[in-house]
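In our numbering, the protein residues as written are 21 to 178.
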């Protein structure tokens with residue numbers, strides 16, 4: 021983690037995708053960004069910031085492992101321009117997947133997203149990739165959910 025970049029983020033109370041900071045572990049993200057001045061977590065159960073926002077840590081499946089992940093029934097894939105995240109899940113039964121989608125749509129949740137990237141070139145770790153919202157699902161069995169980026173930045177309100 022680049023401390024100079026982190027200090028700049030904390031001073032401005034804003035993180036942007038162009039900040040190019042990576043965190044080694046989820047706890048590093050939480051302890052660096054989601055605590056108040058008294059060093060207390062501002063998050064509720066399940067990484068919730070509030071009723072409309074929560075922090076999301078998807079593990080992105082590399083393109084070279086995509087077919088293997090699909091065979092195994094689960095994977096998160098990011099589009100080339102990093103504007104879409106595809107969450108593939110064939111492990112849950114269809115009724116559970118439909119309920120999950122209805123819940124996401126009903127509450128209109130925004131996901132402040134730190135994606136785990138396992139790529140030596142981009143840097144192995146959790147990268148802020150933006151704020152994402154549910155967009156659609158791609159198949160009749162609801163196995164592929166699409167999340168679309170709605171912002172390249174997140175303003176901290178604490």
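We put the beta carbon where it would ideally sit given N, CA and C, even for glycine.
Residue burial classification, residue i (beta-carbon count within 10 angstroms, cutoff 16)
i           : result
residue 117 : buried
residue 93  : exposed
residue 80  : buried
residue 30  : exposed
residue 74  : buried
residue 178 : exposed
Contacts around residue i, its chain only, beta-carbon distance under 6 angstroms, and the 5 residues preceding and following it disregarded
i           : result
residue 181 : This structure does not reach residue 181, given that the chain is present from 21 up to 178, and the question cannot be answered.
residue 156 : 166
Reduced DSSP category for residue i - H, G, I as helix; E, B as strand; rest coil
i           : result
residue 117 : helix
Cβ neighbours of residue i in the same chain (closer than 8 angstroms, five flanking residues each side left out)
i           : result
residue 125 : 154
Endpoints, alpha helix (DSSP H) assigned at residue i
i          : result
residue 52 : 46-53
Residue range of the unbroken beta strand (DSSP E) whose run includes residue i
i           : result
residue 142 : No beta strand (DSSP E) holds residue 142; DSSP gives it neither H nor E.
residue 130 : 130-137
Nearest-angstrom beta carbon gap, residue j and residue i [assumed within contact, 8 angstroms]
i          : j          : result
residue 53 : residue 35 : 7 angstroms
Spatial neighbours of residue i in its chain, beta-carbon cut-off 7 angstroms, leaving aside the 5 residues before and after
i           : result
residue 22  : 41
residue 150 : 37, 133, 169, 171 and 172
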